[in-house]
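**Q**
Residue numbers (our numbering): 1095 to 1249.
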């Protein structure tokens, strides 16, 4: 089963998010809502998988640490404090393994494009920074696997 990415679901539903127009309070609330929705959907898929009665894999397209890339550390800590969430528990206990796929923005820049995902609108430099910030959110996960990205003319 694949748990879809929440921001893409929102944008496809007509809710285009312009984070650069948000106040700090708006960014905190928006990321809180995203994290809650992601957790609820992940939990729902986990229950469905258990009901299936057979071994299975649940893949999450994004996870609860990803919103950290889009706000300051202070704002992210505010979300955690207000929700009484523990950073390490959310990062390490919700996911058995993390596979971080480096974007084309880092290592295969000529292939970086905004096509194919209506929720993406970042230019190359911002995409590179978000990629770095996202990886930093997962960096201490005990089973983090990084899939590098590089330009390979053989494809």
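All residues carry an ideal CB built from backbone N, CA and C; glycine is no exception. Only a predicted model underlies this, so the values are computations on that prediction, with no experimental measurement involved.
(1) Could you please give the first and the last residue of the uninterrupted alpha helix (DSSP H) stretch that includes residue 1129?
(2) Extract the residue ranges of the beta strand (DSSP E) inside the segment 1163-1201, only unbroken runs of 3 or more that lie entirely within it.
(3) Consult DSSP for residue 1100 and reduce its assignment to one of helix, strand or coil.
(4) Just to confirm my understanding: we take residue 1206, look at its own chain, exclude 5 residues before and 5 after, and list those with CB closer than 6 Å. What are they?
(5) Let me know if residue 1125 comes out buried or exposed under the rule of 16 or more other beta-carbons within 10 Å of its beta-carbon.
(6) Got a sec? Which residues, its chain only, sit under 7 Å from residue 1163 by beta carbon, not counting five neighbours each side?
(7) Could you check what DSSP says for residue 1243 in three-state terms: helix, strand or coil?
(8) I think residue 1239 touches residue 1202, with their Cβ atoms under 8 Å apart; what is that distance to the nearest whole Å?
(9) So, do the segment 1124-1141 and the segment 1100-1107 have three or more beta carbon pairs nearer to each other than 8 Å?
(10) Might you give, ordered along the chain, the residues of its own chain that have their beta carbon closer than 6 Å to the beta carbon of residue 1192, omitting 5 neighbours on each side?
(11) In terms of residues, what are the limits of the alpha helix (DSSP H) holding residue 1229?
(12) Taking C-beta to C-beta, are residue 1155 and residue 1096 nearer than 8 Å?
(13) What is the rounded straight-line gap between the Cα of residue 1184 and the Cα of residue 1158?
(14) Can you check whether the CB of residue 1111 is closer than 8 Å to the CB of residue 1169?
(15) Can you tell me whether residue 1221 is buried or exposed? The criterion is at least 16 other CB atoms within 10 Å of its CB, across all chains shown.
**A** This is what the structure holds:
(1) Translated into the one-based positions of the chain shown, residue 1129 becomes position 35. 1118-1146 is the span of the alpha helix (DSSP H), which, as asked, contains residue 1129.
(2) 1192-1195
(3) Counting from 1 along the chain shown, the entry for residue 1100 is found at position 6. Residue 1100: helix per DSSP, three-state reduction.
(4) Residue 1206 sits at position 112 when you count from the first residue of the chain shown. Answer for residue 1206: 1198, 1199, 1218, listed in chain order.
(5) The residue given as residue 1125 occupies position 31 in the chain shown. Residue 1125 should be labelled buried.
(6) The sequence position of residue 1163 within the chain shown is 69, counting from 1. Excluding positions up to five away in sequence, the list reads 1224, 1227, 1228, 1231.
(7) Your numbering for residue 1243 matches position 149 in the chain shown. Looking at residue 1243 - three-state DSSP - the assignment turns out to be coil, as it is neither helix nor strand.
(8) Within the chain shown, the letter at position 145 stands for residue 1239. Within the chain shown, the letter at position 108 stands for residue 1202. 19 Å between Cβ atoms; not a contact.
(9) yes
(10) Along the chain shown, one-based indexing puts residue 1192 at 98. Excluding sequence neighbours, residue 1192 sits near 1232, 1235, 1238.
(11) Stepping through the chain shown from its first residue, residue 1229 is reached at position 135. Residues 1218-1232.
(12) For the purposes of this step, residue 1155 is taken as residue 61 along the chain shown, with counting starting at 1. For the purposes of this step, residue 1096 is taken as residue 2 along the chain shown, with counting starting at 1. Yes, Cβ-Cβ distance for residue 1155 and residue 1096 is below 8 Å.
(13) In the chain shown, the residue the question calls residue 1184 occupies position 90. In the chain shown, the residue the question calls residue 1158 occupies position 64. Looking at the two C-alpha atoms, the distance is approximately 7 Å.
(14) Position 75 of the chain shown, counting from 1, holds the residue named residue 1169. Position 17 of the chain shown, counting from 1, holds the residue named residue 1111. No, the Cβ-Cβ distance between residue 1169 and residue 1111 is not below 8 Å.
(15) Working through the chain shown from its first residue, we reach residue 1221 at position 127. So residue 1221 ends up on the buried side.
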